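Going down the list, the sequences are from chains A, B and C.
Note that numbering that gives the first Met the number 0 has the first sequence beginning at 0, numbered continuously upward.
Note that numbering that gives the first Met the number 0 has the second sequence beginning at 0, numbered continuously upward.
Note that numbering that gives the first Met the number 0 has the third sequence beginning at 0, numbered continuously upward.
Using N, Cα and C, we set each Cβ at its ideal position, and we do this for glycine too.
No experiment lies behind these values; they were computed from the predicted model shown.
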Amino acid sequence: MENINRPRYASLALFVIIVIVIPIVIKSPYLITIGIFIGLYALISLGLSLLMGYAGQVSMGQSAFYGIGAYVSAILTMKCGVNPWLAMILAALFSTLMAGLLGMVVLRLEGHLLAVATLALCIVFYTIFAQWKSMTGGVDGMPGIPKLSIGGLTLTRDFHYYYLIWAFVTVILVFSFNVVDSRVGRALRSIHHFLGGSEMAAKSLGISPMKYKIQVFMLSAAYASFAGSLYVHWLSLVTPSSFGFLTSIYPLIIVTLGGQGSLWGAIIGAAVFFIVAEGFRALVPILKPGTSGEYEILAWGLMIILVMQFLPRGLVSIPDILKEKKTKG
Amino acid sequence: MSRIADSKESPIDVTPILEVKDFHKAFGGLIAINRLSFKVNRGDILAIIGPNGAGKTTLFNMINRFQPASGGEILFEGQSIKELSPARVAALGIARTFQILQLFSNMSVVENVMVGRHLRSKGGMLATGLRLPFTRREERNVFDAAMSKLTMMDLKEEAFSSPLSLPYGRQKTLEMARALATEPKLLLLDEPAGGLSTLEIEQLAQLIKGIRDGGITILLVEHRMELVMGIADRVIVLNYGSKIGEGTPAEIQSNEEVISAYLGEEF
Amino acid sequence: MSMYDQLLQFLIAGISIGSIYAVMGLGFMIVYSVTRVMNFAQGEFAMLGGMLSTVFYAKGLPLSFSILCAVLITTAFGMFLHRAVIYPIRTAPVFTLVLVTFGASIAIRGISLIIWGTDFRILPPFSKLGAIHLAQAVINIQALWVIGTTLLMAIVLFLFFEYTVPGKAFRASSINALGASLMGIKTERMGSIAFGLAAGLGALAGAVVTPMMTTSSEIGLGLAIKGFIAAIIGGLNRIEGIIVGGLTLGILEAFGAGLIHSGFKDVIPLLIFLVVLNFRRGGLLGDAEAGKI
Numbered sequence: 000m001e002n003i004n005r006p007r008y009a010s011l012a013l014f015v016i017i018v019i020v021i022p023i024v025i026k027s028p029y030l031i032t033i034g035i036f037i038g039l040y041a042l043i044s045l046g047l048s049l050l051m052g053y054a055g056q057v058s059m060g061q062s063a064f065y066g067i068g069a070y071v072s073a074i075l076t077m078k079c080g081v082n083p084w085l086a087m088i089l090a091a092l093f094s095t096l097m098a099g100l101l102g103m104v105v106l107r108l109e110g111h112l113l114a115v116a117t118l119a120l121c122i123v124f125y126t127i128f129a130q131w132k133s134m135t136g137g138v139d140g141m142p143g144i145p146k147l148s149i150g151g152l153t154l155t156r157d158f159h160y161y162y163l164i165w166a167f168v169t170v171i172l173v174f175s176f177n178v179v180d181s182r183v184g185r186a187l188r189s190i191h192h193f194l195g196g197s198e199m200a201a202k203s204l205g206i207s208p209m210k211y212k213i214q215v216f217m218l219s220a221a222y223a224s225f226a227g228s229l230y231v232h233w234l235s236l237v238t239p240s241s242f243g244f245l246t247s248i249y250p251l252i253i254v255t256l257g258g259q260g261s262l263w264g265a266i267i268g269a270a271v272f273f274i275v276a277e278g279f280r281a282l283v284p285i286l287k288p289g290t291s292g293e294y295e296i297l298a299w300g301l302m303i304i305l306v307m308q309f310l311p312r313g314l315v316s317i318p319d320i321l322k323e324k325k326t327k328g
Numbered sequence: 000m001s002r003i004a005d006s007k008e009s010p011i012d013v014t015p016i017l018e019v020k021d022f023h024k025a026f027g028g029l030i031a032i033n034r035l036s037f038k039v040n041r042g043d044i045l046a047i048i049g050p051n052g053a054g055k056t057t058l059f060n061m062i063n064r065f066q067p068a069s070g071g072e073i074l075f076e077g078q079s080i081k082e083l084s085p086a087r088v089a090a091l092g093i094a095r096t097f098q099i100l101q102l103f104s105n106m107s108v109v110e111n112v113m114v115g116r117h118l119r120s121k122g123g124m125l126a127t128g129l130r131l132p133f134t135r136r137e138e139r140n141v142f143d144a145a146m147s148k149l150t151m152m153d154l155k156e157e158a159f160s161s162p163l164s165l166p167y168g169r170q171k172t173l174e175m176a177r178a179l180a181t182e183p184k185l186l187l188l189d190e191p192a193g194g195l196s197t198l199e200i201e202q203l204a205q206l207i208k209g210i211r212d213g214g215i216t217i218l219l220v221e222h223r224m225e226l227v228m229g230i231a232d233r234v235i236v237l238n239y240g241s242k243i244g245e246g247t248p249a250e251i252q253s254n255e256e257v258i259s260a261y262l263g264e265e266f
Numbered sequence: 000m001s002m003y004d005q006l007l008q009f010l011i012a013g014i015s016i017g018s019i020y021a022v023m024g025l026g027f028m029i030v031y032s033v034t035r036v037m038n039f040a041q042g043e044f045a046m047l048g049g050m051l052s053t054v055f056y057a058k059g060l061p062l063s064f065s066i067l068c069a070v071l072i073t074t075a076f077g078m079f080l081h082r083a084v085i086y087p088i089r090t091a092p093v094f095t096l097v098l099v100t101f102g103a104s105i106a107i108r109g110i111s112l113i114i115w116g117t118d119f120r121i122l123p124p125f126s127k128l129g130a131i132h133l134a135q136a137v138i139n140i141q142a143l144w145v146i147g148t149t150l151l152m153a154i155v156l157f158l159f160f161e162y163t164v165p166g167k168a169f170r171a172s173s174i175n176a177l178g179a180s181l182m183g184i185k186t187e188r189m190g191s192i193a194f195g196l197a198a199g200l201g202a203l204a205g206a207v208v209t210p211m212m213t214t215s216s217e218i219g220l221g222l223a224i225k226g227f228i229a230a231i232i233g234g235l236n237r238i239e240g241i242i243v244g245g246l247t248l249g250i251l252e253a254f255g256a257g258l259i260h261s262g263f264k265d266v267i268p269l270l271i272f273l274v275v276l277n278f279r280r281g282g283l284l285g286d287a288e289a290g291k292i
């Protein structure tokens, strides 16, 4: 009955080493770009993993906060000349605040209602990004976002952002492990009514489920916001198309694939997701010339269905399943 | 365990710890609780009995604030708790066990009790995420307190097992340990003897008396008379949501109305 | 065109699209009441109805026959979806089911994109009249077809649930699945029938609105969301409530898009949804149970 997320420092060390070493060993700009996307989505998915696996809340709204982080960073740095790091923090604070307010309305819901309500958030914000021309540049977005700099060094190269993003992932991963392995983590598990929690019992012990659901929602919004800010400083461009419905599906697929509630699952899921996606993108035009994105969408849908039917606890549960099979003989 | 000296009132304070006045609960046209009034004195073991459907669990759910009352007042230590949330009521010092066990199956035995320490520990999301020094101390304290509760209930051996691996009677003990971890002033026990053997009921009786002797007031709802007659200081009898008898166990046993209400049921 | 005429046009447009939302909502209700699943692929049923109709029509089949084939195929597909995807995991927790129906809707959209791409397709209007003029407002005859068909579907559904034996079996399954199965009603088959029925109605709605609004692989999600909202407003269990919900959504959307800004077309239903949820858990016309899905 162990908490699956007890931080294993050995694993963390291994993880950090792998992340650092890969781009050095495999010198490929293409790989670095994929690595950046894996990192960004790992960040977003970490938040969703906490939300789904601990508070038991399905959310399709991560892309909304990803977008808010991106746009607030862009607007503050470009239109108000704010220091990019400060802008990033302000964006995260703003996202967290928004999540708190919206959470109070939306998190009263359960199951399907909650899913659609969060999807509603995603679409509402997408529309704001696309329609509020004066602030956001509308559908064309805003180019020319300044780069980040540390000390005297301006970060202009892709591999700068690769390392920066993964540094964020590592810090947030450790933070998340700490939260999960604490009084707060237990409180979250106690209210997760699908996986053995009991809201009634939790309330009788002084835990207010609503309060914790909102807090996790806010935390996951902050994670997504940081990802958004990092994204636009890397790309120097922000457009609404990055924050639409599909973007809100990706973290869902990643968390489902990796394993809800597993923090490592979020990272592994992101890695597998993007590698498979790229594989698709590379292979499909060879097998069927002239096609591009359509097969991906089908693949995502099938992936969700198949994972839920055959591997409901995600990839990280594979070692456990193998163990169970062995003991059953 | 809670200490009487802990409370703000003087040790000889006579205010009832819980007072229910004109309590009323209707579900549409069905009246579940009908103008019920009673007091629970500090340090007492008060049992509420009655035939099935008499409204006992509904009453508990309302004291606990899982359900709103349709009317009447409920005072805990002189303060109205009628409008408070369940979590708030727990923070004030009312703990509870459930008729249908509500253990956290996604946690180990000791972690279940550690959740019980939630109210008595500190540390929010930011503090725990950053692993500030005080949180490490808190975690240590919480663990130790939980383990000591388990030791008291003779569950120390199974601390790291799954609660589902315990036999039913021990699961109930675990739920009590968890409730006690909150250091309550008043403990609500919802059919604690349900599903237990005669021997287990005897052990339970000793346990409950021990809890009371430690300074916690006990209010229990029960169907098994062996437990009630053995430990209750006072008994209230409900039938169809109304009080039909109140007094010591001996008085109740000779109350004619009570006997007729139980006709056909084991007394 | 005077203000009055403009408003009239918005109203008709709103009622037309609102009818479609209402049908989507009814589809949600039918499936939910029997299987307790909110089927997000409901919108894809409408998409398939429209797309398949255009495919058959383009191959030279008569219009009504094309639509009939499209509806039948979609109905069969709906039943398949239940049997193959939903039924095997029917005991899983709610959010697994949510994810799976989302996955299904994405997969269906993906298949459509692969086969038919992103093009918009259209059917000819059902009658040759084109449009009628009311004062100076132009009313598309197809709108009347849409409204009429929807009304017909609603009436048939109502009669079905109230007066026929299978219909009553349906309602029994929805009220008490265990009791119903004890009485010999096979809940598995009920589930497939529910899905099939919802699919067929959705397909018909999709086909009938295609001459007005074109169809494409991507329309499913929007319809599903709005149908879902209509269903929630109606409390998920009352036909009248869902119809009112759908129509309200459609009308508000049409007015909002027309009077304020077309870009906000999609946002309005969602804002309404959030507002309704905030104030009334049970929808405007249904019971409080709906809030606890």
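Sequence-distant residues of the same chain with beta carbon closer than 6 Å to residue i, five excluded per side
i	result
C/Leu-222	Met-23, Gly-42 and Ala-45
A/Ala-90	Gly-68, Val-71, Ser-72, Ser-224 and Ser-228
C/Pro-124	Gln-141 and Pro-210
B/Glu-18	Lys-38 and Leu-74
A/Met-87	Ser-72 and Ser-228
A/Met-141	Ala-73 and Val-237
Cβ-Cβ separation, residue j to residue i (assumed contact under 8 Å), whole Å
i	j	result
A/Phe-167	A/Leu-229	7 Å
C/Ala-21	C/Ala-206	Actually they are not in contact, since the Cβ atoms of C/Ala-21 and C/Ala-206 sit about 16 Å apart, beyond 8 Å.
Sequence-distant residues of its chain with Cβ nearer than 7 Å to residue i (five each side left out)
i	result
C/Arg-82	Ser-191
A/Glu-277	Ile-33
B/Ser-230	According to the sequence displayed, residue 230 of chain B carries Ile and not Ser. Excluding sequence neighbours, B/Ile-230 sits near Ile-44, Ala-204, Ile-207 and Lys-208.
9 Å Cβ cutoff, residue i in contact with chain C
i	result
A/Ile-213	no
A/Leu-308	First, the amino acid is wrong: residue 308 of chain A is Gln here, not Leu. Yes, contact with chain C.
A/Tyr-40	no
Alpha-carbon spacing of residue i relative to residue j, whole angstroms
i	j	result
C/Ala-103	A/Ile-253	16 Å
B/Val-108	B/Ile-32	36 Å
B/Gln-101	B/Asn-63	15 Å
A/Lys-322	B/Ser-164	20 Å
B/Arg-119	B/Thr-134	13 Å
B/Ala-144	A/Gly-110	36 Å
A/Phe-274	A/Ser-316	Reading off the sequence shown, one finds Ile at residue 274 of chain A, where the question assumed Phe. So the two alpha carbons sit approximately 20 Å from each other.
B/Met-152	B/Ile-16	26 Å
A/Lys-132	A/Val-138	8 Å
A/Val-215	A/Phe-174	13 Å
CB contact check: residue i to chain A, cutoff 9 Å
i	result
C/Ser-104	yes
B/Met-124	yes
C/Ile-110	yes
C/Val-30	no
B/Phe-106	For clarity, residue 106 of chain B is Met in the given sequence; the question names Phe instead. Chain A contact via Cβ: present.
B/Thr-127	yes
B/Thr-134	yes
B/Gly-229	no
Cβ of residue i within 9 Å of any chain B Cβ
i	result
A/Met-302	no
A/Ile-206	yes
A/Ala-201	yes
Per DSSP, the bridge partner or partners of residue i
i	result
B/Gly-70	B/His-23
B/Lys-242	B/Leu-237
B/Met-106	Note: B/Met-106 sits in no beta bridge, so no partner.
B/Ser-79	B/Leu-74
B/Glu-18	B/Lys-38 and B/Leu-74
C/Ser-216	Beta-bridge pairing links C/Ser-216 to no other residue.
Residue i CB to nearest heavy atom of the ligand GTP below 8 Å
i	result
B/Phe-26	In terms of ligand content, the structure shown is empty, and the ligand GTP therefore cannot be addressed.
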